[in-house]
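Chemist:
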Amino acid sequence: MTSGSVGSDILRRHFVAIATSTYEDPTWWQLDGVEREVGALRDWLCADHLDDRRFAPKSQHLAENPSADAIWTALRNPPYNLR
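At position 41 of the sequence shown (counting the first as 1) the number is 1162 in this note's numbering, and the numbers step up by one without a gap.
#1: Helix, strand or coil for A1177, going by three-state DSSP, please let me know.
#2: Examine the Cβ distances between the region 1186–1198 and the region 1145–1154 and report whether three or more of them are shorter than 8 Å.
#3: Around the C-beta of L1152, are 16 or more other C-beta atoms found within 10 angstroms, so that it is buried, or is it exposed?
#4: Return the chain-ordered list of same chain residues with a C-beta closer than 7 Å to the C-beta of L1183, the five sequence neighbours on each side being excluded.
#5: Taking 7 Å as the cut-off, decide whether the C-beta atoms of T1143 and N1198 are in contact.
#6: Quick one: give me the first and last residue of the alpha helix (DSSP H) that W1193 is part of.
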């Protein structure tokens, strides 16, 4: 990637998917296929061939019906090695 290309000033690229397919509220139905959709996005954005434009998957547990507490904990102040 050349220094003048779009996004060259981005230092860290993290892919964080927050996805829910089931809900406590019975008026909301289950969303089948969410896991496949998140997987497709992760595969596309985190592909090795993207080299320095590649996103690094982070907090992958948030892609599988996380609780509000899990989201808050992961995003509020992640450990240094996960930033």
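A virtual CB, placed ideally from N, CA and C, is assigned to each residue, including glycine.
Modeler: With the structure as the only source:
#1: Within the sequence shown, the letter at position 56 stands for residue 1177. DSSP places A1177 in strand when its eight states are reduced to three.
#2: By the Cβ test, the region 1186–1198 is not in contact with the region 1145–1154, since fewer than three Cβ pairs between them sit closer than 8 Å.
#3: For the purposes of this step, residue 1152 is taken as the residue at position 31 of the sequence shown. Exposed: under 16 other Cβ atoms inside 10 Å.
#4: As a first step, residue 1183 is located in the sequence shown; it is residue number 62 there, counting from the start. So the qualifying residues of the chain are V1137, A1138, I1139, A1191, I1192 and A1195.
#5: Here residue 1143 refers to the residue found at position 22 when the sequence shown is read from its first residue. Here residue 1198 refers to the residue found at position 77 when the sequence shown is read from its first residue. When the beta-carbon positions are compared, T1143 and N1198 stay at least 7 Å from each other.
#6: Taking the sequence shown and counting its residues from 1, one reaches residue 1193 at position 72. From DSSP, the alpha helix (DSSP H) with W1193 extends over A1189 to R1197.
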